[in-house]
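Take the sequence shown: its position 358, counted from the start at 1, is 366 in the numbering used here, and no numbers get skipped.
Worksheet: the structure to be examined is printed underneath.
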Amino acid sequence: MPLARRALLRALPLPLLPWAPLAACGTPAGTAGTAEGDIRRAVARWSAAPPGGLAGIPLEDWAYEVTSVRRDGARAFARAELRYRLAGYDTAPAGSAREVELVRDGAAWRVTGDRPAPGALPQPWDQGPVAVARGTHSLVLGAGRPEQTLPGIAAEADRAVAAVTAAWPQRWAGRVVVLVPGTLDAMAALLGRPASDYRGLGAVTTGRAGAGPAPADRVVVNPEGYAELSEEGRRIVLTHEATHVATRAATSERTPLWLSEGFADWAAYRGTGRTAAEAAPELARAVRRGELPGALPADEAFGFGGDPDALARAYGGAWLACRLIADRWGEAALVRLYGRAGREPLATALAATLGTDPAALTRAWQTYLREELRP
9 MPLARRALLR ALPLPLLPWA PLAACGTPAG TAGTAEGDIR RAVARWSAAP PGGLAGIPLE
69 DWAYEVTSVR RDGARAFARA ELRYRLAGYD TAPAGSAREV ELVRDGAAWR VTGDRPAPGA
129 LPQPWDQGPV AVARGTHSLV LGAGRPEQTL PGIAAEADRA VAAVTAAWPQ RWAGRVVVLV
189 PGTLDAMAAL LGRPASDYRG LGAVTTGRAG AGPAPADRVV VNPEGYAELS EEGRRIVLTH
249 EATHVATRAA TSERTPLWLS EGFADWAAYR GTGRTAAEAA PELARAVRRG ELPGALPADE
309 AFGFGGDPDA LARAYGGAWL ACRLIADRWG EAALVRLYGR AGREPLATAL AATLGTDPAA
369 LTRAWQTYLR EELRP
């Protein structure tokens, strides 16, 4: 399927494993509390500012909050929640569960290690030195990547932001953060899923859907898939992902995936001049075989790990549903539908914005597929 179409709405972190605080074996009565306090203070001193190696990243509100301490003689392990913002990009702190290792050096405790807590996702700097490139509307962080490749990605992300702003006139931050890991495996580690889920993709987006500004969305590039794309393909991929960032606050569990994914593709292909058959070849072949879809793509159709052609048909059908709405009812109506579909049942949103219902929209979409995809 076209790389520009395969994108995820969200990548949810794995649940964190429980960590119960433990008292030190063999510690004399009355000293355990003092030792724990010393360990907490040592972590606070060590984490008062970001490490020097991260000086190029615009970090603010950097803080480690220790939640539990486990001591083993002269060694200790503190479980902590790292909170930080990327200045100018994050509207709320990003979070990361960490395990901080300490050793006792005489009467004091000294931090000797910091890593993701068991079950938690790594940060980009856990994968090596991070290079930074800034665009006008983008921030690109690359770990294990040639530094000279990052400014080009920043320029492509800037163009994507402009395309999204033209397609989504609602208020949004108008900027994106792009993470560029060194390998596909490194990308999968950042997202906490198998590498096979992302093979062949250009990029995905992380974030939480909900009513309110998205605090810390990240576009994560698959360095292998992205390298195979043409210049236009890269622009389409980054515009699709940036659309998810822009529409995050208007997206909820109510929003059908055909609408959220279709709208992202509609924004990405808008103005490219691509025909329906060029941008949705798998769906075009199916329609020409007489296999007209009986319904708009269900949410389950967008799951990864199954038949890639079926997934491509789902994305193509979703895009053409949004293209139909923009063509027949207008782009403003499509934007209004997206906003209302996140707050109320789809049937209610369709009636209010398009004056139609799901069955009538489906029939119009089927007719549109016949007209656009048959030779």
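Note that the Cβ used here is the ideal one computed from N, Cα and C, for glycine as well.
CA-to-CA distance, residue j to residue i, given in whole angstroms
i      : j      : result
GLU164 : GLU107 : 36 Å
GLU380 : ALA287 : 11 Å
ALA37  : LEU62  : Bear in mind that the predicted position of ALA37 carries a pLDDT of just 39, short of 50, making it unreliable; the figure below should be weighed with that in mind. Approximately 41 Å, taken between the alpha carbons.
ARG242 : THR280 : 13 Å
ARG351 : ILE47  : 47 Å
ALA385 : TYR97  : Outside the shown range of the chain, which is 9 to 383, sits residue 385, and nothing can be said about it.
ALA115 : ALA82  : 10 Å
TRP117 : SER146 : 40 Å
ALA387 : ALA52  : The structure shown does not extend to residue 387, since the chain is modelled only from 9 to 383, so the question has no answer here.
ARG49  : GLY182 : 40 Å
PRO366 : ALA292 : 23 Å
ALA139 : PRO66  : 12 Å
VAL245 : ASP122 : 34 Å
ALA175 : SER76  : 47 Å
LEU158 : ALA368 : 47 Å
ALA235 : LEU319 : 22 Å
GLU73  : GLY60  : 20 Å
LEU90  : THR144 : 28 Å
GLU324 : GLU269 : Sequence inspection shows Gly at residue 324; the Glu mentioned does not correspond to that position. Computed Cα separation, rounded: 10 Å.
ALA254 : ALA141 : 21 Å
PRO202 : PRO124 : 18 Å
THR251 : ASP80  : 49 Å
ARG457 : ALA56  : Look at the range of the chain in this structure, 9 to 383, and you will see that residue 457 is not part of it.
ALA224 : TRP70  : 14 Å
GLU308 : VAL212 : 18 Å
GLU129 : ALA197 : Checking the sequence, you will find Leu at residue 129 rather than Glu. Between LEU129 and ALA197, the C-alpha separation is close to 7 Å.
ALA194 : GLY200 : 10 Å
TRP133 : GLY64  : 12 Å
ALA162 : LEU267 : 28 Å
LEU345 : PRO137 : 44 Å
CYS330 : LEU342 : 7 Å
ARG78  : GLU290 : 55 Å
VAL93  : PRO126 : Here the sequence assigns Arg to residue 93, which means Val is not the residue at that position. In a straight line, the C-alpha of ARG93 is about 23 Å away from that of PRO126.
ALA171 : LEU328 : 19 Å
THR259 : TRP180 : 13 Å
THR173 : THR364 : 27 Å
Counted within 10 angstroms of its Cβ, other Cβ atoms place residue i as buried (16 or more) or exposed
i      : result
GLN7   : Residue 7 lies beyond the stretch modelled for the chain, which goes from 9 to 383, so this question has no answer here.
GLN131 : buried
ARG378 : exposed
SER238 : exposed
GLN135 : buried
GLU249 : buried
ALA95  : exposed
THR283 : exposed
GLU261 : exposed
PRO264 : buried
ARG382 : exposed
THR361 : buried
ASP315 : exposed
ASP113 : exposed
ALA84  : buried
GLU240 : exposed
GLU68  : exposed
THR39  : Note on THR39: pLDDT 49, under 50, position unreliable in the model; the coordinate value appears next. Exposed, because fewer than 16 other Cβ atoms sit within 10 Å of the Cβ of THR39.
Cβ distance (whole Å) where residue i is taken to contact residue j below 8 Å
i      : j      : result
VAL111 : TRP54  : With a Cβ gap of about 12 Å, VAL111 and TRP54 do not count as contacting.
ARG348 : ALA357 : 4 Å
ALA294 : PHE310 : 17 Å between Cβ atoms; not a contact.
PRO353 : ALA326 : With a Cβ gap of about 19 Å, PRO353 and ALA326 do not count as contacting.
GLY233 : GLY210 : 5 Å
THR375 : ALA303 : Contact flag wrong, Cβ pair sits at about 14 Å.
THR99  : ALA168 : That pair is no contact at about 20 Å.
Notebook entry, point to check: Can you find at least 3 beta carbon pairs, one from the stretch 291 to 302 and one from the stretch 336 to 346, that sit closer than 8 Å?
Noted result: no
* At what residue ranges does the stretch 310 to 364 contain a whole run of the alpha helix (DSSP H), taking only runs of 4 or more? -> 316 to 336, 339 to 349 and 354 to 361
Please determine if the stretch 136 to 153 and the stretch 190 to 198 are in contact, where contact requires at least 3 C-beta pairs separated by less than 8 Å. Look at the beta carbons and you see the stretch 136 to 153 touching the stretch 190 to 198: at least three pairs across the two are nearer than 8 Å.
Should the stretch 323 to 334 be regarded as contacting the stretch 266 to 282, the criterion being three or more beta carbon pairs within less than 8 Å?
-> yes
Segments assigned alpha helix (DSSP H), at least 4 residues, entirely inside the stretch 130 to 216
158 to 175 and 192 to 199
Would you list, in sequence order, the uninterrupted alpha helix (DSSP H) runs of no fewer than 4 residues that lie entirely inside the stretch 244 to 300? 265 to 277, 284 to 287 and 289 to 296
Report yes or no: do three or more beta-carbon pairs, one from the stretch 225 to 239 and one from the stretch 191 to 209, lie closer than 8 Å? Enough Cβ pairs lie closer than 8 Å, so yes.
* Secondary structure, beta strand (DSSP E): runs of 3+ residues fully inside the stretch 42 to 88 -> Runs of the beta strand (DSSP E) inside the stretch 42 to 88: 67 to 80.
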